[in-house]
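Presented below is the structure to which this report refers.
2 protein chains.
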Amino acid sequence: MTVIDNGVNVQALLDAREALAGAPDAAQFTWKATSRWENGVHSQTTIKNFFGLGEEQTHRTEAVFDADHPEIFAATDIGITPIEYLLVGLASCLTAGIASVAQNRGIQLRSVESTVEGSHDVRGILGVDSDVRNGFNDVKVTFNIDADASRQEIEALVAQSQKRSAVFDAITNPTEVTVEVA
Amino acid sequence: MTVIDNGVNVQALLDAREALAGAPDAAQFTWKATSRWENGVHSQTTIKNFFGLGEEQTHRTEAVFDADHPEIFAATDIGITPIEYLLVGLASCLTAGIASVAQNRGIQLRSVESTVEGSHDVRGILGVDSDVRNGFNDVKVTFNIDADASRQEIEALVAQSQKRSAVFDAITNPTEVTVEVA
Numbered sequence: 000m001t002v003i004d005n006g007v008n009v010q011a012l013l014d015a016r017e018a019l020a021g022a023p024d025a026a027q028f029t030w031k032a033t034s035r036w037e038n039g040v041h042s043q044t045t046i047k048n049f050f051g052l053g054e055e056q057t058h059r060t061e062a063v064f065d066a067d068h069p070e071i072f073a074a075t076d077i078g079i080t081p082i083e084y085l086l087v088g089l090a091s092c093l094t095a096g097i098a099s100v101a102q103n104r105g106i107q108l109r110s111v112e113s114t115v116e117g118s119h120d121v122r123g124i125l126g127v128d129s130d131v132r133n134g135f136n137d138v139k140v141t142f143n144i145d146a147d148a149s150r151q152e153i154e155a156l157v158a159q160s161q162k163r164s165a166v167f168d169a170i171t172n173p174t175e176v177t178v179e180v181a
Numbered sequence: 000m001t002v003i004d005n006g007v008n009v010q011a012l013l014d015a016r017e018a019l020a021g022a023p024d025a026a027q028f029t030w031k032a033t034s035r036w037e038n039g040v041h042s043q044t045t046i047k048n049f050f051g052l053g054e055e056q057t058h059r060t061e062a063v064f065d066a067d068h069p070e071i072f073a074a075t076d077i078g079i080t081p082i083e084y085l086l087v088g089l090a091s092c093l094t095a096g097i098a099s100v101a102q103n104r105g106i107q108l109r110s111v112e113s114t115v116e117g118s119h120d121v122r123g124i125l126g127v128d129s130d131v132r133n134g135f136n137d138v139k140v141t142f143n144i145d146a147d148a149s150r151q152e153i154e155a156l157v158a159q160s161q162k163r164s165a166v167f168d169a170i171t172n173p174t175e176v177t178v179e180v181a
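Residue numbers (numbering that gives the first Met the number 0), protein chains in the order written: chain A, 0 to 181; chain B, 0 to 181.
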C-alpha cells in the first residue's frame, strides 16, 4: 500500500472543522497588516500578528513587503505593484487548496505549477475614462499538475479548490471595505 | 515658496493620462505571476514580467513570495496566509494613491501609516457551514496621516485615493476569474 503524503495534515483540518462547528466564536479570525509610506508610491507593509481561536496569534516570523510602481510610470520599482499582490494571494490560495483536497482524496501530487494573468486597463486608475474600472478586467489562472490521477480527477481537484478558496471568493465577489482617517 | 515633494512625478502621470487617452491599446496591461507548490500548503510565487505599453516589461528585480498557513492549522507557517496578501495589496495601493493625490494638490506629506484588518469566518473554507462565505466578511483600513493640511483636506485625499484605487475596486467589486488545467 502506497502512503499518500502531500505534507498536509488533513486529519487536523477535519478535527478543526468538527471543533469549530460547535464553537463559531473561535472561528472568527482577523488578519492584520500595518503599512508605512516610504516615498513616492513606495510603501512597506508588515504582517506579524492575527487574531483567531479567541486570542492573539503570531506568525513564526514577521514578513515585510515592498510595493511600488514600475519605472514606466516614473516610479522607483522597489517592489511589485499593489495589484500584483492579489495574484500572489490567488495563486497560493488555489495551490494550497489543491494540496489539501488531493491529500483528502488520496491523490499523490508530484508537482503543481500555475501561471496567473490579470488583465488591467490602466485608463481607469489614470482617470482617462470613467467608464473603465480601476481593477482587473478579468483574471486567468492556468494549472500544470503532475499527480497520480486521471485528468478528470485533477480537474475535480482544481474545481474543489476554487469552491473553498478564500481568495477566489474575495476576488470574484464583492467585500465591503471601510477606509477611515484616525 | 515651499516646494512640495512627496517623491511622485505627477507631471509624468498627467502626461501618461493624455498619451493613453489617444492610445487605448497601450493602456492594456497584463500583470503576471507564476507559482509553484512546495509541500503541504506552502507555495512560492514569483513576479518578474508584465505586459504594458504594447510590449513585454520587466521589473527591476524578480520578487519571490512564500505563502503557507499558520501552525494553528497544523501547517508550517513558512509564509503569510494567501488571504493576507490581499491586505498588503490594499494598504499599499491606497497609500500610493494618497501620495500621488497629495502631490497633485500641493500637500506635503510627512508620514502616512495605516492598519488594515480583514475579518474572516473560517467556517467557510473549512466547510463547516455553506452559508458562511470563504473570503473576508469585511475589511477595515485606518489611516494616520501627518501632513501640511487640514483634517478635511486629509480626508479628501483618502477619499480620492479610494476612488482611483485598483485594489480597492478589485476587492469591493466582483472580477471574473477563470481557472483551467493546461
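Just so it is clear, CB atoms sit at the ideal spot from N, CA and C, and this is done for glycine as well.
Quick caveat, the model's predicted, so the values are computed rather than measured.
**Asked** How many angstroms separate the CA atom of Ala-165 of chain A from the CA atom of Glu-152 of chain A?
**Response** 22 Å
**Request:** Please confirm if Ser-149 of chain A has its CB atom under 8 Å from at least one CB of chain B.
**Result:** no
**Prompt:** Buried or exposed: which applies to Thr-1 of chain B, given that a residue is buried once 16 or more other Cβ atoms fall within 10 Å of its Cβ?
**Reply:** exposed
**Prompt:** Excluding five sequence neighbours on each side, which residues of the same chain lie with their C-beta closer than 7 Å to the C-beta of Asp-136 of chain B?
**Reply:** It is Asn, not Asp, that sits at residue 136 of chain B in the sequence shown. Within the same chain, Asn-136 of chain B has close Cβ partners Ser-118, His-119 and Asp-120.
**Beta-carbon gap between Asn-133 of chain B and Ile-124 of chain B smaller than 8 Å** = Against a cut-off of 8 Å, the Cβ pair of Ile-124 of chain B and Asn-133 of chain B comes out as a contact.
**Message:** From the DSSP secondary-structure annotation, give me the bridge partner or partners of Asp-120 of chain B.
**Reply:** A:Gln-27
**Spatial distance of Asn-172 of chain A from Gly-21 of chain B (CA atoms)** = 32 Å
**Request:** Answer yes or no: do Tyr-84 of chain A and Gly-53 of chain B have a C-beta to C-beta separation smaller than 8 Å?
**Result:** no
**Request:** Measure the CB-CB distance between Thr-45 of chain A and Val-63 of chain A and report whether it falls below 8 Å.
**Result:** Cβ atoms of Thr-45 of chain A and Val-63 of chain A: closer than 8 Å.
**Request:** Report the neighbours of Ile-3 of chain A on chain B: residues whose CB is nearer than 8 Å to its CB, in chain order.
**Result:** Those do not exist, as Ile-3 of chain A stays about 13 Å from chain B at its closest Cβ, beyond 8 Å.
**Where Arg-104 of chain B sits in the DSSP three-state scheme** = Arg-104 of chain B carries a coil assignment under DSSP once its states are collapsed to helix, strand and coil.
**Asked** How should Asp-182 of chain A be labelled, buried or exposed, when 16 other C-beta atoms within 10 angstroms of its C-beta is the threshold for buried?
**Response** Lying outside 0 to 181, the shown extent of chain A, residue 182 of chain A is not represented and no answer is given.
**Request:** State yes or no: is the beta carbon of Arg-163 of chain A nearer than 8 Å to at least one beta carbon in chain B?
**Result:** yes
**Request:** Please name the residue or residues paired with His-41 of chain B in a DSSP beta bridge.
**Result:** B:Asn-38
**Request:** State the Cα-Cα distance for the pair Glu-108 of chain A and Pro-69 of chain B, rounded to the nearest angstrom.
**Result:** Here the sequence assigns Leu to residue 108 of chain A, which means Glu is not the residue at that position. Each residue's alpha carbon lies about 22 Å from the other.
**Item:** Contact set for Asn-103 of chain A: own chain, Cβ-Cβ below 6 Å, skip 5 residues either direction
**Value:** Val-9
**Message:** Suppose the cutoff is 6 Å on Cβ atoms and the five residues either side in sequence are ignored; what does the same chain contact list for Gly-78 of chain B look like?
**Reply:** Asp-65, Ala-66 and Asp-67
**Message:** Using the Cβ count rule (16 or more neighbours within 10 Å means buried), how would you classify Pro-81 of chain A?
**Reply:** buried
**Rounded separation between Glu-154 of chain A and Leu-156 of chain B - CA only** = Glu-154 of chain A and Leu-156 of chain B: Cα-Cα distance of roughly 46 Å.
**Message:** Considering just the uninterrupted stretch of the alpha helix (DSSP H) at Arg-16 of chain B, what are its terminal residues?
**Reply:** 9–20
**Request:** Select from the segment 112–136 of chain B all residues with a C-beta closer than 7 Å to any C-beta belonging to chain A, and list them in chain order.
**Result:** Glu-112, Ser-113, Thr-114, Val-115, Glu-116, Gly-117, Ser-118, His-119, Asp-120, Val-121, Arg-122, Ile-124, Leu-125, Gly-126, Val-127, Arg-132, Asn-133, Gly-134 and Phe-135
**Item:** Three-way DSSP call (helix, strand, coil) for Val-138 of chain A in this model
**Value:** strand
**Request:** Please name the residue, chosen from B:Glu-179, B:Val-178 and B:Val-140, that lies closest to Val-178 of chain A on a Cα-to-Cα basis.
**Result:** B:Val-140
**Prompt:** Expressed to the nearest angstrom, what Euclidean distance is found between the alpha-carbon atoms of Thr-57 of chain B and Lys-47 of chain B?
**Reply:** 6 Å
**Request:** Answer yes or no: does any C-beta atom of chain B fall closer than 8 Å to that of Ile-106 of chain A?
**Result:** With its beta carbon at least 8 Å from every one in chain B, Ile-106 of chain A lies outside the interface.
**Request:** Report the option in B:Gly-96, B:Val-127 and B:Val-176 whose CA atom is closest to the CA atom of Ser-42 of chain A.
**Result:** B:Gly-96
**Prompt:** Do Ser-160 of chain B and Val-115 of chain B have their CB atoms nearer than 8 Å?
**Reply:** Their beta carbons are not under 8 Å apart, which means Ser-160 of chain B does not touch Val-115 of chain B by this criterion.
**Message:** If contacts are defined as beta-carbon pairs under 8 Å, then Ser-113 of chain A and Ser-34 of chain B qualify, I think. What distance do you get, rounded to the angstrom?
**Reply:** In this structure, Ser-113 of chain A and Ser-34 of chain B form a Cβ contact; the two beta carbons are roughly 5 Å apart against a cut-off of 8 Å.
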